[in-house]
Amino acid sequence: MKSKKKLQRILLPLALTLILIGIGVAVWLAASGAGKNRHAEIKDAANTNFPLRVDFVDVGQGDGILIRCGNETIVIDGGERDYAGAFVAYLRNEKVSDISCYIASHPHNDHIGAAPAVFSAFNVHMLMTTAFSELNTPTNVSYEELLTAVEAERDCEVLFVKAGDTFTFGELSLQIFAPVSESTNHNDMSIVVKATYGDVSFLFTGDAEFESEQAMLDAGFDLRADVLKVGHHGSSSSTTPAFFRAVDPAAAVISCGKDNVYGHPHREVLQMFENAGISVYRTDRDGTVTICSDGVDLFVRRSY
Ligand SMILES: [Zn+2]
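Letter by letter, the sequence shown follows residues -5 to 298 in the numbering used here.
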């Protein structure tokens, strides 16, 4: 009897310890995502009939992005003023009438030059922009025209967003990661937004450069995304190795003009994607790039 009790005294704690270790390992595996491929699979799209559809419209040297999820339509930028007609025509051709939210990433002509034309062509229900302090307020024509266009738009809610804000549009959730703080470099005032639908997410970075990328890393945001809209047209002033590792994308989209004078995208950025085996889509070579999702996988279509 005595030895049986002794055995129990040894075995019971041992069994409990093993159970606790087992639970610990299970929790760690779940938290780290080990054993499961986090990334959505990328396939060619036979059609674009999916609940989430993101068009990276070819607007030359600039950004123009159309996001549709259910009944919600979100537009980010639209390219230079010279491309405004083509961008509006693209949206009309896609049967856009109302825009739930227009995100003006930052006040440069290659992003918001087309904004006044978008506001006059469609009913825009919300504008997301950034607040600038008085001395840092942009003075360029594109920004002033955007403000005039917004004033003329009835019932357009204007939101000055900042890092940490979150929004929901139907089944699409938006998390704002930047700007974290004010910068006199207006590229670093770009609104950086992660859009998530089901298991897939896209990170739209505007022209955010090193300073903003570091601020997002320091803020500890979950930057991971399946698709990265590469910052600043693939310039080497964006996409630091640390930022790239944190996003850990499966696919990258670069919006830039054919033979642009800036040499975008820069070789070192392309090299980083190539070394990591990331699929890169470019509006200068692929034309408008459409990435759709059912919330699980990604389906890509190029216009060229
Ligand atoms: Zn730009």
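C-beta atoms are modelled at their ideal positions from N, C-alpha and C, and glycine is treated no differently.
### Message
For the stretch 116 to 130 against the stretch 204 to 216, do three or more pairs of beta-carbon atoms, one drawn from each stretch, fall closer than 8 Å, so that the two count as touching?
### Response
These segments do not touch.
### Message
ligand 1 and Asn181: does the residue's C-beta get closer than 8 Å to at least one heavy atom of that ligand?
### Response
The residue given as residue 181 occupies position 187 in the sequence shown. Yes, since a heavy atom of ligand 1 falls inside the 8 Å radius drawn around the Cβ of Asn181.
### Task
In the DSSP assignment, find the unbroken beta strand (DSSP E) run with Leu60 in it and report its ends.
Start at 1 with the first residue of the sequence shown, and residue 60 comes out as number 66. Boundaries of the beta strand (DSSP E) around Leu60: Gly58 to Cys63.
### Message
Our contact map puts Ser99 next to Gly200 with C-beta atoms below 8 Å; I'd like the distance itself, whole angstroms only.
### Response
Numbered from its first residue, the sequence shown carries residue 99 at position 105. Numbered from its first residue, the sequence shown carries residue 200 at position 206. Between Ser99 and Gly200 a beta carbon distance of about 3 Å is seen, short of the 8 Å cut, so the two are scored as contacting.
### Task
Answer yes or no: the CB of Asp76 versus the heavy atoms of ligand 1, is any distance below 8 Å?
In the sequence shown, the residue the question calls residue 76 occupies position 82. No, since every heavy atom of ligand 1 falls outside the 8 Å radius drawn around the Cβ of Asp76.
### Task
Could you spell out the range, first to last residue, of the alpha helix (DSSP H) harbouring Thr142?
The residue you call residue 142 lines up with position 148 of the sequence shown. Val135 to Ala146 is the span of the alpha helix (DSSP H), which, as asked, contains Thr142.
### Task
Could you tell me whether the stretch 71 to 84 touches the stretch 149 to 167, where touching means 3 or more Cβ pairs closer than 8 Å?
Look at the beta carbons and you see the stretch 71 to 84 not touching the stretch 149 to 167: under three pairs across the two are nearer than 8 Å.
### Query
Should the stretch 240 to 247 be called in touch with the stretch 262 to 276, which here means at least 3 C-beta pairs below 8 Å?
Cβ pair count under 8 Å is three or more, so yes.
### Query
On the three-state DSSP scale, how would you describe Ile15?
Translated into the one-based positions of the sequence shown, residue 15 becomes position 21. Note: Ile15 maps to helix in three-state DSSP.
### Message
Only counting the same chain, and skipping five residues up and downstream in sequence, which positions put a Cβ closer than 6 Å to that of Ala34?
### Response
Along the sequence shown, read from residue 1 onward, the residue named residue 34 stands at position 40. Taken in chain order, the residues that qualify are Val194, Asp220, Asp291 and Leu292.
### Query
Per DSSP, Arg296 is paired with what?
Position 302 of the sequence shown, counted from the start, is the residue given in the question as residue 296. Its beta-bridge partners are Val283.
### For Glu268, three-class secondary structure by DSSP
In the sequence shown, residue 268 corresponds to position 274, counting from 1. The DSSP-derived three-state label of Glu268 is helix.
### Residue list, Cβ distance to ligand 1 heavy atoms smaller than 7 Å
Per the Cβ criterion, the list is Gly56, Asp57, His102, Asp104, His105, Asp201, His226 and His227.
### Query
When the Cα atoms are used, what is the spatial distance from Asp288 to Pro45?
Looking up residue 288 in the sequence shown gives position 294. Looking up residue 45 in the sequence shown gives position 51. So the alpha carbons of these two residues sit roughly 6 Å apart.
### Asn117 in three-state terms, based on DSSP
Stepping through the sequence shown from its first residue, residue 117 is reached at position 123. If DSSP states are grouped into helix, strand and coil, Asn117 belongs with the strands.
### Message
Using a 10 Å radius around the Cβ and a threshold of 16 neighbouring Cβ atoms, would you call Pro110 buried or exposed?
### Response
Here residue 110 is taken as the residue at index 116 of the sequence shown, counted from 1. The residue is buried, with at least 16 neighbouring Cβ atoms inside 10 Å.
### Message
Under 8 Å: does the beta carbon of Asp49 sit that close to some heavy atom of ligand 3?
### Response
Ligand 3 is absent from the structure shown, which contains only ligand 1.
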